[in-house]
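Contents: one structure, followed by commentary.
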Amino acid sequence: MQWFYLVLAGLSEIVWAFGLKESHGFTKLDFSLLTIAFLIVSFGLFALAMRTIPIGTAYAVFTGIGAAGTAVVGILFLNEPAGLFKIISLVVLISGIIGLKLVDDGGGKEGEK
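If you want it as C-alpha coordinates, here you go:
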(Lines of atoms letter the chains of each structure in order from A and count residues from 1; the text may use other names and numbers.)
(Lines give C-alpha, C1' and ligand atoms only; values in the text may rest on other atoms or scores of the structure.)
Protein backbone atom coordinates (compact mmCIF):
# COMPACT_ATOMS: atom_id res chain seq x y z
CA MET A 1 0.00 0.00 0.00
CA GLN A 2 2.91 2.37 0.70
CA TRP A 3 4.04 2.17 -2.93
CA PHE A 4 0.53 3.15 -4.00
CA TYR A 5 0.74 6.16 -1.67
CA LEU A 6 4.15 7.03 -3.08
CA VAL A 7 2.96 6.96 -6.69
CA LEU A 8 -0.07 9.08 -5.79
CA ALA A 9 2.21 11.52 -3.96
CA GLY A 10 4.39 11.84 -7.06
CA LEU A 11 1.36 12.36 -9.29
CA SER A 12 0.07 14.99 -6.86
CA GLU A 13 3.42 16.74 -7.14
CA ILE A 14 2.84 17.08 -10.88
CA VAL A 15 -0.51 18.75 -10.23
CA TRP A 16 0.85 21.26 -7.72
CA ALA A 17 3.84 22.09 -9.92
CA PHE A 18 1.52 22.78 -12.85
CA GLY A 19 -0.76 24.79 -10.57
CA LEU A 20 2.19 26.80 -9.32
CA LYS A 21 3.19 27.68 -12.89
CA GLU A 22 -0.38 28.62 -13.80
CA SER A 23 -0.94 30.64 -10.60
CA HIS A 24 1.52 33.23 -11.96
CA GLY A 25 3.15 33.86 -8.59
CA PHE A 26 -0.04 33.19 -6.62
CA THR A 27 -1.89 35.96 -8.43
CA LYS A 28 -4.64 33.67 -9.78
CA LEU A 29 -6.81 32.42 -6.93
CA ASP A 30 -8.07 29.21 -8.56
CA PHE A 31 -4.62 27.88 -9.41
CA SER A 32 -3.21 29.15 -6.11
CA LEU A 33 -5.80 27.11 -4.18
CA LEU A 34 -5.18 24.07 -6.38
CA THR A 35 -1.45 24.36 -5.71
CA ILE A 36 -1.86 24.61 -1.94
CA ALA A 37 -4.36 21.74 -1.81
CA PHE A 38 -2.14 19.41 -3.82
CA LEU A 39 0.96 20.40 -1.85
CA ILE A 40 -0.82 19.18 1.28
CA VAL A 41 -2.08 16.01 -0.41
CA SER A 42 1.31 15.29 -1.95
CA PHE A 43 3.31 15.61 1.25
CA GLY A 44 0.67 13.77 3.29
CA LEU A 45 0.83 10.78 0.94
CA PHE A 46 4.62 11.00 0.85
CA ALA A 47 4.70 10.83 4.66
CA LEU A 48 2.44 7.76 4.64
CA ALA A 49 4.66 6.07 2.07
CA MET A 50 7.79 6.63 4.15
CA ARG A 51 6.41 4.58 7.01
CA THR A 52 8.00 1.50 5.43
CA ILE A 53 9.82 2.56 2.27
CA PRO A 54 13.43 3.61 2.92
CA ILE A 55 13.85 7.39 2.77
CA GLY A 56 16.40 7.39 -0.04
CA THR A 57 14.22 5.24 -2.27
CA ALA A 58 11.03 7.08 -1.34
CA TYR A 59 12.46 10.52 -1.97
CA ALA A 60 14.11 9.55 -5.25
CA VAL A 61 10.90 7.98 -6.55
CA PHE A 62 8.73 10.86 -5.29
CA THR A 63 10.84 13.56 -6.90
CA GLY A 64 11.50 11.44 -9.99
CA ILE A 65 7.80 10.97 -10.70
CA GLY A 66 7.24 14.65 -10.10
CA ALA A 67 10.14 15.76 -12.29
CA ALA A 68 9.40 13.40 -15.17
CA GLY A 69 5.67 14.00 -15.02
CA THR A 70 6.05 17.76 -14.83
CA ALA A 71 8.39 17.71 -17.83
CA VAL A 72 5.85 15.68 -19.81
CA VAL A 73 3.03 18.07 -18.80
CA GLY A 74 5.20 20.99 -19.90
CA ILE A 75 5.76 19.37 -23.28
CA LEU A 76 2.12 18.39 -23.80
CA PHE A 77 0.29 21.39 -22.37
CA LEU A 78 2.71 24.32 -22.10
CA ASN A 79 4.42 24.07 -25.49
CA GLU A 80 7.84 23.42 -23.99
CA PRO A 81 10.41 21.97 -26.41
CA ALA A 82 10.81 18.21 -26.59
CA GLY A 83 14.20 17.54 -28.09
CA LEU A 84 15.73 14.12 -28.48
CA PHE A 85 18.08 14.54 -25.51
CA LYS A 86 15.16 15.60 -23.29
CA ILE A 87 13.16 12.51 -24.27
CA ILE A 88 16.16 10.22 -23.72
CA SER A 89 16.75 11.82 -20.32
CA LEU A 90 13.12 11.27 -19.32
CA VAL A 91 13.37 7.60 -20.34
CA VAL A 92 16.53 7.23 -18.23
CA LEU A 93 14.82 8.93 -15.28
CA ILE A 94 11.74 6.73 -15.51
CA SER A 95 13.96 3.64 -15.85
CA GLY A 96 15.70 4.66 -12.63
CA ILE A 97 12.37 5.00 -10.82
CA ILE A 98 11.33 1.54 -11.98
CA GLY A 99 14.74 0.17 -11.01
CA LEU A 100 14.43 1.55 -7.47
CA LYS A 101 11.05 -0.13 -7.11
CA LEU A 102 12.43 -3.44 -8.36
CA VAL A 103 15.38 -3.49 -5.96
CA ASP A 104 13.39 -2.39 -2.91
CA ASP A 105 12.54 -5.28 -0.61
CA GLY A 106 9.08 -3.89 0.07
CA GLY A 107 9.80 -2.02 3.24
CA GLY A 108 12.30 -0.98 5.81
CA LYS A 109 10.63 -2.52 8.86
CA GLU A 110 10.69 -6.24 9.39
CA GLY A 111 7.28 -7.86 9.18
CA GLU A 112 5.62 -4.94 7.38
CA LYS A 113 4.87 -4.87 3.66
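Residues 1 to 113 (the UniProt record's numbering) make up the sequence shown, in order.
In this text, a Cβ means the ideal position worked out from N, Cα and C, and glycines have one as well.
Alpha-carbon spacing of S95 relative to D104, whole angstroms: Distance between the alpha carbons of S95 and D104 is about 14 Å.
Would you report the Cα separation of L100 and A58, rounded to the nearest angstrom? Note on geometry: alpha-carbon atoms of L100 and A58 lie some 9 Å from one another.
Can you give me the start and stop residues for the alpha helix (DSSP H) that residue 120 sits inside? Absent from the structure is residue 120, since the part of the chain shown begins at 1 and ends at 113.
Go ahead and pull the three-state DSSP assignment for L78. Correct three-state label for L78: coil.
Comparing alpha-carbon positions, which option in A9, F18 and I53 lies nearest T70? The shortest C-alpha separation from T70 is found at F18.
Taking K21 as part of the alpha helix (DSSP H), name the residues at either end of that continuous run. Q2 to E22 is the span of the alpha helix (DSSP H), which, as asked, contains K21.
Only counting the same chain, and skipping five residues up and downstream in sequence, which positions put a Cβ closer than 6 Å to that of A68? Cβ within range, chain order: L90, L93 and I94.
For the alpha helix (DSSP H) containing G44, list its first residue and its last residue. Segment L29 to A49, the alpha helix (DSSP H) holding G44.
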